[in-house]
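First up is the structure itself, then whatever we jot down about it.
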Amino acid sequence: MATKAPKAKAPGSALTFDTDWSYAPAPESTDHASVRERYDLFIGGRFVPPAKGKYFPSINPATEKKIAEFAEADADDVDRAVRAARSAYDRVWSKMSGRDRGKYVYRIARMIQERAREFAVLESLDGGKSIRESRDVDVPLAAAHFFYCAGWADKLDYAFPNRKARPVGVAGQIIPWNFPLLMAAWKIAPALACGNTVVLKPAETTPLTAMKLAELIAESGLPEGVVNIVTGAGATGAAIVNHPGTDKIAFTGSTGVGKILQKAVAGTKKKLTLELGGKAANIIFEDAPIDQAVEGIINGIYFNQGHVCCAGSRLFVQESVADRVIRKLKDRMETLIVGDPLDKNTDIGAINSKEQLGIINKYLDIGQSEGAEMYQSSCSIPGRGYFVRPTLFLNVSQSHRVASEEIFGPVLAVQTFRTEAEVLEKANNTPYGLSAGVWTDKGSKIFNMTRRLRAGVIWANTYNKFDPTSPFGGFKESGFGREGGLHGMYPYVNLD
Ligand code: NAP
Ligand code: MG
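In the working numbering, the protein residues as written are 17 to 512.
Have a look at this one:
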């Protein structure tokens, strides 16, 4: 909700009048989105109840109300899903021509586009992200990934010249809650294009759009068992990883769970890709276009409530412009609207879960007790649901936990620097290496920085821009393997 502007004085008059600068509510309609009370598992092209008959709720983090119940898959259910995927692989999918596979993948892309409004609303309901983001980022990009990968399905001989690309088999795929539909697309699209079948598990707090995708896939006529979607908690994910029938594991999530998975597949023939956490440096040089950079900082950390692995959560500003940048940044933060995710004016929606809200609040306490200076915008936040004001910490040093640990919320740690060498050293001083941003007018500085920053994705004079043709992935504890682009096909093929 926006703050009310104070009473203003009419020019040249003693009169005062109310000037309410806040936007009127503009809620997105939910009439076109249908939600069932209960969702079963999607196995072998059908919706089937879980063996043990257990279900868990997913809630709307903006209202704390239950949206629907989802089946909790155990190891027996996962076994059924892996068998269905294996059978589909052996019978149809691995034998189908790339040209025909591509048609199915294209169809899924088109159907996501046709239902874009419904997917966007459901994504915001279940995950808490603002409708602007789910409508303009998550859903179009999910469709774009299917389109992009569909194009490769019949061109694998060109993708891997002089090699023969064979599919890997059954891919077990586990995704987090910050981009539920988009992460499903990142995982499923390249797997299918290369001739693999899939068992996918969405995150416990955001299973809704994955199950909507299951409905769409069932309608698309994709052969039964090519995509199977099983809902559940960490144990369901572990059952996929440990099942002897999965040939490849693709995981996006925390570094902690990534390490567990690495141990679990050690000594097996399974291929593994890990997309893990981050603590990205967003670096502003004194010759940068300051106003654009401020927008980039805002987009880098407050976009999607800071629930972004590549969020620009460590800001480095060159000393000579630091005061100016921070003043402008605070002014811009003051205009951000925190509140109802379904309102089209909302900039920052709800934090995904009570648990995540607790983690963010814990870091706000840690930052203050470490002696950093906390600044939050003065906006009001709803009394119900999980919300945090956009926050920044000043007077931060490298050793502060808010500057070194991933918070996964709208919290920015600000540091200053004098020279390129100094900022490179500080930026690289992290166990992570997923992304970074560089803002400068000088092309040579950009090249110098991008060569030396240890990060998989580096944005120059922009931030958080994604494209299906561009590979994404990390260095160090941010994981290994790439998703997107031609590089994103490699984990899904064996090359002869
Ligand atoms: P998480 O706890 O690691 O969970 C990720 C997924 O793994 C969820 O589906 C989770 O199920 C499942 N899981 C949990 N324990 C498991 C186990 N022992 N074996 C197999 N699967 C298990 O991560 P999160 O908290 O949901 O997501 C936030 C993290 O993801 C952040 O660290 C963020 O940086 C990272 N992330 C990285 C990228 C990237 O591309 N690099 C993208 C997005 C997010 P439940 O949901 O049921 O727990
Ligand atoms: Mg939810």
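Built from N, CA and C at the ideal position, the CB exists for glycine as well.
Bridge pairing for R182: N510 [DSSP]. L290 has F267, F496 as its beta-bridge partners, per DSSP.
The Cβ atoms of G497 and T289 lie closer than 8 Å to each other. Restricting attention to A132, G237, I233, G490, the CA atom closest to the CA of I245 is found in I233. Within 10 angstroms of the beta-carbon of A219 lie 16 or more other beta-carbons, which makes it buried. For the beta strand (DSSP E) assignment, the uninterrupted runs of no fewer than 3 residues enclosed by the stretch 97-183 are, from N- to C-terminal side, 181-183. Restricting attention to T222, W193, L229, S150, the CA atom closest to the CA of F162 is found in L229. With a cut-off of 8 Å on Cβ pairs, the stretch 198-212 is in contact with the stretch 173-188, counting three or more such pairs.
W37: not part of any alpha helix (DSSP H); DSSP gives it neither H nor E. G294 has its Cβ nearer than 7 Å to a heavy atom of ligand 1.
Bridge partners of L428 according to DSSP: L408. Counting only runs that start and end inside the stretch 313-398, the beta strand (DSSP E) elements of at least 3 residues fall at 330-334, 389-392. F86: member of the beta strand (DSSP E) spanning 81-87, first to last residue. Under the DSSP assignment, L216 falls outside any alpha helix (DSSP H), being part of the beta strand (DSSP E) whose first and last residues are 213-217. Counted as a single uninterrupted DSSP element, the stretch harbouring S415 is not any beta strand (DSSP E), since DSSP gives it neither H nor E. When distances are taken from the beta-carbon of P192 to the heavy atoms of ligand 1, the shortest one is below 7 Å.
No heavy atom of ligand 1 is found nearer than 7 Å to the CB of G328.
Scanning its chain for C-beta atoms nearer than 6 Å, with the 5 sequence neighbours on each side dropped, one finds around G490 the residues G449, L450, G472, in chain order. Contact between the stretch 264-272 and the stretch 407-421 is absent: fewer than three C-beta pairs spanning the two stretches fall below 8 Å. With 16 or more other CB atoms across the displayed protein chains lying within 10 angstroms of its CB, K145 is buried. Contact between L331 and L428 is confirmed by a C-beta separation of about 6 Å, below the 8 Å threshold. Within 7 Å of the C-beta of S494 there is at least one heavy atom belonging to ligand 1. In the DSSP assignment, R467 falls within the unbroken alpha helix (DSSP H) covering 459-468. Apart from the 5 residues on each side of it in sequence, A476 sits with its Cβ closer than 6 Å to the Cβ of V454, I462 in its chain, given in chain order. For A452, the enclosing beta strand (DSSP E) has its first and last residue at 451-455.
Secondary structure note for A226: its alpha helix (DSSP H) is the uninterrupted segment 224-236. If you draw a straight line from the Cα of A338 to the Cα of D263, it comes to about 51 Å.
Just measuring C-alpha positions, the residue of K70, E139, R340, R99 sitting nearest I59 is R99. The beta carbon of A84 sits closer than 7 Å to those of V51, R52, E53, R54, Y55, S74, L224, all from its chain and outside the five residues before and after it, given in chain order.
Residue burial is scored here from C-beta neighbours: A40 has fewer than 16 other C-beta atoms within 10 angstroms and is therefore classed as exposed. Residue state for V243 is assigned as strand, using DSSP reduced to three classes. No heavy atom of ligand 2 is found nearer than 7 Å to the CB of I245. Three or more Cβ pairs drawn from the stretch 86-96 and the stretch 249-261 lie within less than 8 Å of each other, which places the two stretches in contact. Exposure of K481 is indicated by the presence of fewer than 16 other C-beta atoms within 10 angstroms of its C-beta. DSSP places N445 in the coil class of the three-state scheme, outside both helix and strand. Nearest in C-alpha terms to T485, of all of D359, M465, A158, R400, is A158.
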